[in-house]
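Chains as they are written, first to last, in my numbering: chain L, 1095 to 1315; chain E, 1095 to 1315.
Built from N, CA and C at the ideal position, the CB exists for glycine as well.
Number of protein chains: 2
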Amino acid sequence: MPRAPQRLTRKPATPAPRRTRPVPKPEAMPFDRRQQILVEAARLFAAKGFEATSVRDIANATGILAGSLYYHFASKEELFVAVHAAGMEILIRTAQDAIRDVRDPWDRLAAAAAAHCTALLESSDFMLLVVPNFPKSIGQYRDELIRQRDEYEAIISQVVAGLDLPPTIDPRLFRLHFIGALNWTQSWFRPASGLTPAEIGRQLVAMLRPPTIPGSESPSS
Amino acid sequence: MPRAPQRLTRKPATPAPRRTRPVPKPEAMPFDRRQQILVEAARLFAAKGFEATSVRDIANATGILAGSLYYHFASKEELFVAVHAAGMEILIRTAQDAIRDVRDPWDRLAAAAAAHCTALLESSDFMLLVVPNFPKSIGQYRDELIRQRDEYEAIISQVVAGLDLPPTIDPRLFRLHFIGALNWTQSWFRPASGLTPAEIGRQLVAMLRPPTIPGSESPSS
DNA sequence: CTATCAAACGAGCGATTGTTTGGCAAATTT
DNA sequence: AAATTTGCCAAACAATCGCTCGTTTGATAG
């Protein structure tokens, strides 16, 4: 049951059946409403877009009323920024973990591509990349969003810089097209297609990687 | 004067007979209101997104009142579909023109890429590709939109099929990543960057094309 | 002159939008 | 036990949404 509006307030006058942990250990994430709102908002933003999703939709999916959202978030826009930040955090962490132990430049790129696709397609609700230049009404938070993206793209830039590209290829354009192809997967990927996200990412690198020349195999580290 | 709400109402000397009746003097292109609405709608959809653009915005930019839009278009959604169709038409025509006289398979791909980028970035208002899975509210028109896209992608499919790809590369994935990288350019391209759209497209093909082997230089078939 | 028609106006409909406010029970702190 | 904070409800708010509809204007055809 994906949608379970649990309204555990106001009602229990005296009865024993407690829905929550009787003693919510302060450490143990006492049924974090804020997180729950974030998840539902992400799902709806991804499914319908920012503008088409109303705060009542989000509240309803969470099991609370619209006005109650404003206890946790100052505005709908701030909620969007929070979802975006969570997504970028996943993306950055996944990518860094993936390339940490890989030495060969092209293998690093392949690892990064696989990680990018995996995060993008398996946590897709949080990956609001494809909201093109994001909702125009986002206004004041725009710079913050761009900063979050740049932080990730810097990682890819560094991996690309390690490649030994022919002089005819502009590394910047290489990175832009590389990330572009990966990001676009979100608009055509279907889980049932038999291809895993990681395979899709690695295949892209296979297209870009220069063919191994029979004469020279593994020249050096 | 970029935005000139020209309210020359009551004025249409030859009132653009969109539907029926008399012979529409084809000579003077009599200030087609429908076309004008289409252009303004495209600009606003591209700038702010479908949901964030109100019919009053569009009417205002055109120099008429909101209600008057409904003489030309049955609904806001139908207007969106019309803009999308116009964009796809541009894209299809541009691509077909570009590859018509090119024989070499990789050169054909380069020509298609250059054409795609040019159409995408220079008529960008009409290219509503990046509206992710388009507005969910589009509902009943969804199939029509998909059909319009598939018609274009079929052209690229045919060009890709002409390539002599290594057996490790799936042509379908090649096409998806290829189109993905091209479509994504819309989210980072800035006209002042010194790169032309055509160059950006050709550079992508340069990254994908296998390096010319010094020994064999003859273009077979 | 009269009838018809395209094209727009202008008012307003009901519904929905994001947000604010006041209050209240439960949980926590003092 | 008292005081305070937390988390939410319930109701409203002004603004805006897509859209409808009766009316009016100017042009053209018979």
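Secondary structure at V1196(L): coil, using DSSP grouped into helix, strand and coil. At a Cβ-Cβ threshold of 8 Å, Y1246(E) and L1185(E) count as neighbours. Less than 8 Å divides the Cβ of I1294(L) from the Cβ of T1279(L). CA-CA distance, A1146(L) to D1244(L), rounds to 27 Å. Within chain E, no residue has its CB atom less than 7 Å from the CB of N1154(L), the nearest being about 16 Å off. Across the structure, L1259(E) and S1251(E) are spaced so that their CA atoms are roughly 13 Å apart.
Taking a Cβ-Cβ cut-off of 8 Å, the neighbours of T1262(E) in chain L comprise A1300, given in sequence order. Not flagged as an interface residue toward chain L: P1199(E), since no C-beta distance is shorter than 8 Å. Sequence-distant partners of T1156(E) (beyond 5 residues in either direction) whose C-beta falls short of 6 Å from its own C-beta, in its chain, are Q1130, I1131, E1134. Using a Cβ-Cβ cut-off of 8 Å, G1274(L) counts as an interface residue toward chain E, since at least one Cβ of chain E sits closer than that to its own. The three-state reading of DSSP puts E1145(E) in coil, since its state is none of H, G, I, E or B.
Taking 8 Å as the Cβ-Cβ cut-off, the region 1282-1298 of chain L approaches chain E at W1282, L1289, I1294, Q1297, L1298, given in chain order.
For F1268(E), the nearest CB of chain L lies under 8 Å from its own CB, placing it at the interface with that chain.
Looking from the CA of A1204(E), the closest CA among E1171(E), L1257(E), K1170(E), G1181(E) belongs to L1257(E). Judged by DSSP in its simplified three-state form, R1284(E) adopts coil rather than helix or strand. Those residues of the region 1155-1170 of chain L placed with their C-beta closer than 7 Å to a C-beta in chain E do not exist.
Apart from sequence neighbours up to five positions away, the residues of its chain that approach F1283(E) with a beta-carbon distance below 6 Å are L1215, ordered along the chain. In terms of Cα proximity to A1300(L), the closest of D1201(L), G1161(L), P1285(L) is D1201(L).
Under the rule that a run must span 4 or more residues, the alpha helix (DSSP H) segments found entirely inside the region 1226-1277 of chain E read 1236-1255. A check of alpha carbon separations from D1237(E) across A1160(E), I1249(E), H1178(E), A1255(E) identifies H1178(E) as the nearest. Between S1162(L) and A1153(L) the beta-carbon gap is near 7 Å, inside 8 Å, which marks them as a contact.
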